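A short worksheet on the structure shown next.
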Amino acid sequence: MKEVRVLAASGVCGSGFREESLEEAMGRRPHFIGCDGGSTDPGPYPLGAGTTSFPAVSIKRDMRLMLLAARKAGIPLLIGSAGTAGGTPHVAAVRRIVEEIAREEGLSFPMAVIHAEQDKDYLKKRLREGRIKPLKPAPDFDEGVIDRAERIVGMMGEDPYLRALDKGAEVILAGRSSDCAIYAGIPVREGIPAGIAWHAAKILECGTASVEQRKSPDCLMATCRPDHFDVEPLDPSLRCTPQSIASHSLYENSDPYLHVESNGTIDLTASQYKALDTRRVRVTGSNFRPAETYTVKLEGSEKVGYQSVIVGGIRDPFIIRQIDDWVERLHARVHARVAEIYGGKLGRDKYFFNVRVYGKNGVMGALEPVKEITTHELCLLLEVTAPTQEIASAIASVTRHQALHLPIPEWSGLITGVACPYNPAYLERGAVYRFCVNHVVEPDDPYEMFPTEYVNVH
Amino acid sequence: MATIGELARLIRSKNAGPFVLTFDIMFADREVYERVKQSGALSREAVAARYNLPAADVQFFVCDNALAFKASIPRPFFQGDILDSDGHGGQQYAPLMDIEIPGQ
């Protein structure tokens, strides 16, 4: 019976895996090794700032082991969403790591570098053609958003990977990708039904997140056959159970049964999970419904400004019992003082002042159902976001002074009502970003958004 | 009477992408799961009430093979926005814990 053995080295390149697990996996002769390097989970900052979420040293550790194993076995290594966000600087950073390792280890191989950062003129053209559509929920999207965005990436499907393999690449370093596409492309091309291959990919892309009790990130292997796939962890102390595998389709997905990809939807409604033994699970019945229109999801990040933050504590029960009113009065004082200092040169719409009250609703904000608090102390974060770091810190300094001495009716005379643990009282957070896109593009083909470079690494 | 927090093996919240918040309520054995399911206490409407949302904004799923219930809601602020308070969405499930399930 035809089978394709797929190895996921880890859930994220840089988060780690056991060297023994990789060795165990290689003994089972996988047809290829995959690993994704990113996600939106670290937030809009890495995408906007062009930085990686895991440090270069941890990416290099994982990459070295994967490269050595793949080269020794003569099988392809597919890395997607390189460097967290998969934009141009992220791919470049991971490419440098790969080249360093090749030099250090004396490796040489043909590599494809697939780019996912989008050309702004291309996006504007597709927008004008009505071929960029919102997902739900989506922020407003127009040419201004495209111009303001620090960076927009497209999430590639499996086709750019398969084309790179056809052209002889043995290592593929790709920008932002569907995590599943890394794992599903090769099995589908080898004749595994799409439902089986894409469901296996969905499980693989998180590494050992689908085991019963994950101790740390590690390798996971799936064997895909024409009517099922078997999944098992390589660490002998980990177990996959029917419930752990079924439950994994819930994690970080809004819908536990349907997962939308560029070329269709993975449908797990009829999936069946059976224990093969105490640590392996067999999955049958998964389906894949091809899409009528091929789409590529966009992710974009826009700089909001620069932030300075004061951490402060309150212990006075008089202030605590009137904290909402106190915060409101502080807002008024800060805005009045900023107007005095900057004259008309820094309007209210040019900076943003926000107060979080931990001990009340700091964690849940408007979703917090508990309205009455009985705590004896509160933690405040006083946040200023402004066009430059200098302005943010100037307003934070003003805020510190206003907050410290904000009067309350219960006391007469000058009070000092906030305890500041840090000196200076504010922390400079640097640039802050926000996600500005939740849309898909309808391209002419699966390749046009993902230009590929072919290089010989040695 | 018992609360879902006492009966579940895991209640968690997490981002499902930067724009959606999702909740998983998972059980260790089928008997307890069926008791919760039969009670009807955990529903789209119950989740909507806990988060003060219209029921139409809540996606709700009953997952027999995972012994789990799942709900997804739009994030109050997108992940990482300057008013967002929970970048990974990991600490938003507490209001579900004290939903009461009749019987024993």
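If you're matching them up, the sequences are chains Z and C in order.
Just so we're aligned: 190 in the numbering used here is position 190 of the first sequence, and the numbers increase by one with no gaps anywhere.
Here the numbering used here runs 1000 ahead of the position in the second sequence, where the first position is 1.
Glycine included, every Cβ here is placed at the ideal spot set by N, Cα and C.
Just so it is clear, the structure is predicted and the values come from calculations on it, not from any experiment.
Residue i in three-state terms, based on DSSP
{"i": "residue 1104 (chain C)", "result": "coil"}
{"i": "residue 342 (chain Z)", "result": "helix"}
{"i": "residue 228 (chain Z)", "result": "strand"}
{"i": "residue 10 (chain Z)", "result": "coil"}
{"i": "residue 259 (chain Z)", "result": "strand"}
{"i": "residue 446 (chain Z)", "result": "coil"}
{"i": "residue 134 (chain Z)", "result": "strand"}
{"i": "residue 1031 (chain C)", "result": "helix"}
{"i": "residue 1053 (chain C)", "result": "coil"}
{"i": "residue 155 (chain Z)", "result": "coil"}
{"i": "residue 307 (chain Z)", "result": "strand"}
{"i": "residue 1041 (chain C)", "result": "coil"}
{"i": "residue 69 (chain Z)", "result": "helix"}
{"i": "residue 1084 (chain C)", "result": "coil"}
{"i": "residue 166 (chain Z)", "result": "helix"}
{"i": "residue 182 (chain Z)", "result": "helix"}
{"i": "residue 1036 (chain C)", "result": "helix"}
{"i": "residue 57 (chain Z)", "result": "helix"}
{"i": "residue 144 (chain Z)", "result": "helix"}
{"i": "residue 139 (chain Z)", "result": "coil"}
{"i": "residue 63 (chain Z)", "result": "helix"}
{"i": "residue 16 (chain Z)", "result": "coil"}
{"i": "residue 74 (chain Z)", "result": "coil"}
{"i": "residue 48 (chain Z)", "result": "helix"}
DSSP bridge partner residues for residue i (one or two, in chain order)
{"i": "residue 296 (chain Z)", "result": "Z:441"}
{"i": "residue 274 (chain Z)", "result": "Z:282"}
{"i": "residue 302 (chain Z)", "result": "Z:149, Z:434"}
{"i": "residue 111 (chain Z)", "result": "Z:171, Z:455"}
{"i": "residue 1068 (chain C)", "result": "C:1026, C:1063"}
{"i": "residue 32 (chain Z)", "result": "Z:6"}
{"i": "residue 1020 (chain C)", "result": "C:1074"}
{"i": "residue 290 (chain Z)", "result": "Z:264"}
{"i": "residue 1094 (chain C)", "result": "For residue 1094 (chain C), which the question treats as bridged, DSSP gives no partner whatsoever."}
{"i": "residue 117 (chain Z)", "result": "Z:153"}
Residue i, buried or exposed, once every other Cβ within 10 Å from all chains shown has been counted against 16
{"i": "residue 277 (chain Z)", "result": "exposed"}
{"i": "residue 472 (chain Z)", "result": "Examination of residue 472 (chain Z) is not possible in this model, given that chain Z is present from 1 through 458 alone."}
{"i": "residue 1098 (chain C)", "result": "exposed"}
{"i": "residue 446 (chain Z)", "result": "buried"}
{"i": "residue 411 (chain Z)", "result": "exposed"}
{"i": "residue 380 (chain Z)", "result": "buried"}
{"i": "residue 216 (chain Z)", "result": "exposed"}
{"i": "residue 235 (chain Z)", "result": "buried"}
{"i": "residue 1028 (chain C)", "result": "exposed"}
{"i": "residue 74 (chain Z)", "result": "exposed"}
{"i": "residue 1104 (chain C)", "result": "exposed"}
{"i": "residue 1055 (chain C)", "result": "exposed"}
{"i": "residue 102 (chain Z)", "result": "buried"}
{"i": "residue 1101 (chain C)", "result": "buried"}
{"i": "residue 264 (chain Z)", "result": "buried"}
{"i": "residue 345 (chain Z)", "result": "exposed"}
{"i": "residue 1015 (chain C)", "result": "buried"}
{"i": "residue 423 (chain Z)", "result": "exposed"}
The alpha helix (DSSP H) enclosing residue i, as first and last residue numbers
{"i": "residue 40 (chain Z)", "result": "Per DSSP, residue 40 (chain Z) belongs to no alpha helix (DSSP H) and is neither H nor E."}
{"i": "residue 24 (chain Z)", "result": "19 to 26"}
{"i": "residue 1044 (chain C)", "result": "1044 to 1050"}
{"i": "residue 103 (chain Z)", "result": "88 to 105"}
{"i": "residue 128 (chain Z)", "result": "120 to 128"}
{"i": "residue 1006 (chain C)", "result": "1004 to 1007"}
Boundaries of the beta strand (DSSP E) in which residue i is found, first to last residue
{"i": "residue 82 (chain Z)", "result": "77 to 84"}
{"i": "residue 266 (chain Z)", "result": "264 to 267"}
{"i": "residue 1010 (chain C)", "result": "1010 to 1015"}
{"i": "residue 176 (chain Z)", "result": "Segment: none, residue 176 (chain Z) is in no beta strand (DSSP E) and carries neither H nor E."}
Could you tell me which whole alpha helix (DSSP H) segments of length 4 or greater appear in the segment 376 to 430 of chain Z?
389 to 404
Which runs of the beta strand (DSSP E) fall wholly inside the segment 313 to 373 of chain Z and span at least 3 residues, in chain order?
352 to 358
What are the uninterrupted segments assigned as alpha helix (DSSP H) that are 4 or more residues long and contained completely in the segment 186 to 259 of chain Z, given in chain order?
194 to 204, 242 to 248
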